[in-house]
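Peer 1: First residue of the sequence shown: 1, per UniProt numbering; consecutive thereafter.
Built from N, CA and C at the ideal position, the CB exists for glycine as well.
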Amino acid sequence: MAKLLYSATMSLDGFIAGPGGDMSWMADLPDTGPHEVADNLWPQVGALLTGARTFFGDDPNAGTEQEGAFGGLWSGPQFVLTHNPPAHQVSDTTFLADLPSAVTAALAAAGDRYVNVLGADVAGQCLAAGLLDEILVFIAPVLLGDGTPLFRHHAAALEEISSTAGPTPTIWYRVRR
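#1: Can A106 and A52 be called in contact, C-beta distance under 9 Å?
#2: Just verifying my parser: in three-state terms, what is the DSSP assignment at P149?
#3: Exposed or buried, which one is V175 when buried takes at least 16 other CB atoms within 10 Å?
#4: May I ask you to report which of helix, strand or coil DSSP gives V137?
#5: Which whole-angstrom value is the C-beta distance of F79 and A102, which I expect to be below 8 Å?
#6: Can you look up G46 in the DSSP assignment and give me helix, strand or coil?
#7: Assign M23 to buried or exposed, taking buried as 16 or more other Cβ atoms, counted over all protein chains shown, within 10 Å of its Cβ.
#8: Across the region 28-48 and the region 163-170, are there enough close Cβ pairs to call them in contact, namely three or more that are closer than 8 Å?
#9: Would you list the one or two residues that DSSP bridges to I171?
#10: Nearest CA to the CA of G14: which residue from A157, A140, S162 and D112?
#11: Going by beta-carbon coordinates alone, are V122 and L150 separated by less than 9 Å?
#12: Are the region 83-97 and the region 142-162 touching, with three or more C-beta to C-beta distances below 8 Å?
#13: Per DSSP, M10 is paired with what?
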């Protein structure tokens, strides 16, 4: 059965995007070579659940072969939570106005793989609704000073699943219910 996983790269000071949603800092991170957790994550993802700011936002790889989720490696169904869908169709993308419908559709599409939640607002909504199963954080060696925090105004008890050291450490948590 599919699970909701919020994965994000976060600055050491707790931000997943700079001021105004700026993601350009991601393109400036040093290439540290293979990363076992990141390299093995995207094949485990069956669907994406994002908010409009993330879907329509700043992709630091725009216009390159690495554009899109997981550096352009992933493709599949995307479900975007928004009250203002675009007038034109976007392939493999469904726009939904409410969280329960978006989560239900994404879980059905993911099969036995993860629904990867992208975007702090949608992840916070999922956490507040008791729907978020896991959180995976990649810690980038950068201080942004301001921007979009990993979570805002949410509390939850977490249980560590795993962690890795290295140039980009990771911490993977299960959300306790």
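Peer 2: Concretely, from the data shown:
#1: Here the question's residue 106 lines up with position 106 in the sequence shown. Here the question's residue 52 lines up with position 52 in the sequence shown. No, the Cβ-Cβ distance between A106 and A52 is not below 9 Å.
#2: For the purposes of this step, residue 149 is identified with residue 149 of the sequence shown, where counting begins at 1. Strand, per DSSP.
#3: Within the sequence shown, the letter at position 175 stands for residue 175. Buried, because 16 or more other Cβ atoms sit within 10 Å of the Cβ of V175.
#4: By 1-based counting over the sequence shown, the position of residue 137 is 137. Strand at V137.
#5: Walking along the sequence shown from the start, residue 79 turns up at place 79. Walking along the sequence shown from the start, residue 102 turns up at place 102. Indeed they touch by this definition, with Cβ atoms about 5 Å apart.
#6: As a position in the sequence shown, residue 46 is number 46, starting the count at 1. G46: strand per DSSP, three-state reduction.
#7: Taking the sequence shown and counting its residues from 1, one reaches residue 23 at position 23. Classification of M23: buried, given that the 10 Å Cβ count is 16 or more.
#8: yes
#9: Numbered from 1 along the sequence shown, position 171 holds the residue referred to as residue 171. Paired residues: V137 and S163.
#10: Locating residue 14 in the sequence shown gives position 14, counting from the first residue. Per the Cα distances, A140.
#11: Translated into the one-based positions of the sequence shown, residue 122 becomes position 122. Translated into the one-based positions of the sequence shown, residue 150 becomes position 150. Not closer than 9 Å, so no.
#12: no
#13: Here the question's residue 10 lines up with position 10 in the sequence shown. Answer is I139.
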